[in-house]
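Numbering (our numbering), first residue to last: 3 to 146.
Set out below in C-alpha coordinates:
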(Lines of atoms letter the chains of each structure in order from A and count residues from 1; the text may use other names and numbers.)
(Lines give C-alpha, C1' and ligand atoms only; values in the text may rest on other atoms or scores of the structure.)
Protein backbone atom coordinates (compact mmCIF):
# COMPACT_ATOMS: atom_id res chain seq x y z
CA UNK A 1 0.00 0.00 0.00
CA UNK A 2 1.35 3.43 -0.92
CA UNK A 3 0.69 5.86 1.92
CA UNK A 4 2.15 9.01 3.38
CA UNK A 5 1.19 11.34 6.22
CA UNK A 6 0.48 14.98 5.59
CA UNK A 7 -0.30 17.82 7.92
CA UNK A 8 -2.25 17.32 11.09
CA UNK A 9 -4.82 14.55 11.45
CA UNK A 10 -8.29 15.61 10.43
CA UNK A 11 -10.88 15.97 13.16
CA UNK A 12 -11.78 12.71 14.87
CA UNK A 13 -15.39 13.89 14.67
CA UNK A 14 -15.46 13.34 10.89
CA UNK A 15 -18.20 10.94 9.88
CA UNK A 16 -16.55 10.04 6.57
CA UNK A 17 -14.09 7.19 6.25
CA UNK A 18 -12.28 8.34 3.10
CA UNK A 19 -11.99 11.44 0.95
CA UNK A 20 -11.43 10.62 -2.70
CA UNK A 21 -9.65 13.02 -5.05
CA UNK A 22 -10.96 12.31 -8.55
CA UNK A 23 -10.70 13.82 -12.02
CA UNK A 24 -14.16 15.16 -12.80
CA UNK A 25 -13.20 15.62 -16.45
CA UNK A 26 -12.50 11.89 -16.93
CA UNK A 27 -15.59 10.10 -18.30
CA UNK A 28 -14.55 6.65 -17.05
CA UNK A 29 -13.62 8.04 -13.66
CA UNK A 30 -16.97 9.82 -13.40
CA UNK A 31 -18.86 6.60 -14.13
CA UNK A 32 -17.21 5.03 -11.08
CA UNK A 33 -17.72 8.15 -8.95
CA UNK A 34 -21.43 8.34 -9.85
CA UNK A 35 -21.85 4.68 -8.86
CA UNK A 36 -20.13 5.37 -5.54
CA UNK A 37 -22.27 8.46 -4.89
CA UNK A 38 -25.43 6.39 -5.47
CA UNK A 39 -24.25 3.64 -3.13
CA UNK A 40 -22.87 5.95 -0.42
CA UNK A 41 -26.13 6.09 1.52
CA UNK A 42 -24.36 6.58 4.85
CA UNK A 43 -22.23 9.46 3.46
CA UNK A 44 -18.98 7.73 4.36
CA UNK A 45 -17.14 9.16 1.34
CA UNK A 46 -16.06 12.75 0.87
CA UNK A 47 -15.79 13.51 -2.87
CA UNK A 48 -13.31 16.14 -4.11
CA UNK A 49 -13.02 16.94 -7.81
CA UNK A 50 -9.43 17.88 -8.59
CA UNK A 51 -10.49 19.23 -12.00
CA UNK A 52 -12.89 21.74 -10.46
CA UNK A 53 -12.07 25.41 -10.79
CA UNK A 54 -10.53 26.64 -7.57
CA UNK A 55 -9.23 23.28 -6.36
CA UNK A 56 -5.83 23.83 -4.73
CA UNK A 57 -3.74 20.69 -4.11
CA UNK A 58 -1.14 22.47 -1.98
CA UNK A 59 -2.88 21.75 1.32
CA UNK A 60 -2.47 18.04 0.59
CA UNK A 61 1.27 18.28 0.17
CA UNK A 62 0.85 17.03 -3.40
CA UNK A 63 0.96 18.77 -6.75
CA UNK A 64 -1.57 18.61 -9.58
CA UNK A 65 0.66 16.36 -11.70
CA UNK A 66 0.84 13.75 -8.93
CA UNK A 67 -2.90 13.89 -8.35
CA UNK A 68 -3.59 13.47 -12.07
CA UNK A 69 -1.14 10.56 -12.40
CA UNK A 70 -3.21 8.24 -10.19
CA UNK A 71 -6.16 8.33 -7.83
CA UNK A 72 -5.53 9.51 -4.28
CA UNK A 73 -7.56 9.36 -1.10
CA UNK A 74 -7.22 10.76 2.39
CA UNK A 75 -8.26 8.97 5.54
CA UNK A 76 -9.61 10.91 8.54
CA UNK A 77 -6.19 10.49 10.21
CA UNK A 78 -4.67 12.55 7.38
CA UNK A 79 -2.97 9.52 5.84
CA UNK A 80 -2.84 9.63 2.03
CA UNK A 81 -3.54 6.42 0.13
CA UNK A 82 -3.12 5.93 -3.62
CA UNK A 83 -4.03 3.60 -6.43
CA UNK A 84 -5.84 0.35 -5.74
CA UNK A 85 -5.92 0.99 -1.99
CA UNK A 86 -8.21 3.98 -2.63
CA UNK A 87 -10.68 1.72 -4.39
CA UNK A 88 -10.50 -0.82 -1.56
CA UNK A 89 -11.33 1.92 0.95
CA UNK A 90 -14.14 3.26 -1.24
CA UNK A 91 -15.73 -0.17 -1.73
CA UNK A 92 -15.54 -0.88 1.99
CA UNK A 93 -17.25 2.46 2.66
CA UNK A 94 -20.22 1.54 0.44
CA UNK A 95 -20.64 -1.99 1.75
CA UNK A 96 -18.56 -3.89 -0.82
CA UNK A 97 -15.97 -5.03 1.70
CA UNK A 98 -15.85 -8.42 0.02
CA UNK A 99 -14.44 -6.76 -3.13
CA UNK A 100 -11.69 -5.16 -1.07
CA UNK A 101 -10.98 -8.47 0.70
CA UNK A 102 -10.72 -10.38 -2.58
CA UNK A 103 -8.46 -7.67 -4.02
CA UNK A 104 -6.05 -8.18 -1.11
CA UNK A 105 -5.49 -11.84 -2.02
CA UNK A 106 -1.82 -12.13 -3.06
CA UNK A 107 -2.19 -13.03 -6.76
CA UNK A 108 -5.27 -10.87 -7.25
CA UNK A 109 -3.63 -7.97 -5.43
CA UNK A 110 -0.68 -8.00 -7.81
CA UNK A 111 -2.97 -8.27 -10.84
CA UNK A 112 -5.13 -5.37 -9.58
CA UNK A 113 -2.07 -3.18 -8.97
CA UNK A 114 -0.63 -3.88 -12.43
CA UNK A 115 -4.00 -3.38 -14.16
CA UNK A 116 -4.56 -0.08 -12.34
CA UNK A 117 -1.06 1.18 -13.21
CA UNK A 118 -1.70 0.42 -16.89
CA UNK A 119 -5.08 2.18 -16.75
CA UNK A 120 -3.71 5.22 -14.90
CA UNK A 121 -0.84 5.59 -17.35
CA UNK A 122 -3.24 5.44 -20.33
CA UNK A 123 -6.50 6.93 -19.04
CA UNK A 124 -6.20 10.20 -20.95
CA UNK A 125 -5.75 8.29 -24.19
CA UNK A 126 -8.52 5.82 -23.29
CA UNK A 127 -10.95 8.67 -22.59
CA UNK A 128 -10.18 10.59 -25.78
CA UNK A 129 -8.32 13.42 -24.05
CA UNK A 130 -5.22 13.36 -26.24
CA UNK A 131 -4.50 15.55 -29.22
CA UNK A 132 -2.02 14.16 -31.75
CA UNK A 133 0.66 12.52 -29.61
CA UNK A 134 0.20 14.80 -26.58
CA UNK A 135 -1.90 13.80 -23.57
CA UNK A 136 -2.45 16.76 -21.27
CA UNK A 137 -5.24 18.21 -19.20
CA UNK A 138 -5.91 21.86 -18.63
CA UNK A 139 -4.97 23.28 -15.19
CA UNK A 140 -8.62 23.62 -14.11
CA UNK A 141 -12.04 23.69 -15.69
CA UNK A 142 -12.86 27.02 -17.17
CA UNK A 143 -9.22 27.96 -17.56
CA UNK A 144 -8.46 28.90 -21.04
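Think of the CB as a built atom: it goes at the ideal place given N, C-alpha and C, for glycine as much as any other residue.
The structure presented is a predicted model; accordingly, all values stated were derived computationally and were not measured.
Asked: Can the beta-carbon of residue 103 be found less than 7 angstroms from the beta-carbon of residue 93?; Found: no
Asked: Just to check my reading of the structure: residue 69 and residue 23 have Cβ atoms closer than 8 angstroms, yes? What is that Cβ distance to the nearest angstrom?; Found: 6 angstroms
Asked: Do residue 105 and residue 123 have their beta-carbon atoms positioned less than 7 angstroms apart in this structure?; Found: no
Asked: Just confirm the distance between the C-beta atoms of residue 115 and residue 88, as a whole number of angstroms; I'd bet it's less than 8 angstroms.; Found: The Cβ separation is near 12 angstroms, so there is no contact.
Asked: Can you give the beta carbon distance from residue 30 to residue 128, rounded, assuming they're within the 8 angstroms contact cut?; Found: 7 angstroms
Asked: When you compare the CB positions of residue 66 and residue 59, do they come within less than 7 angstroms of one another, or not?; Found: yes
Asked: Per DSSP, residue 24 is paired with what?; Found: 51
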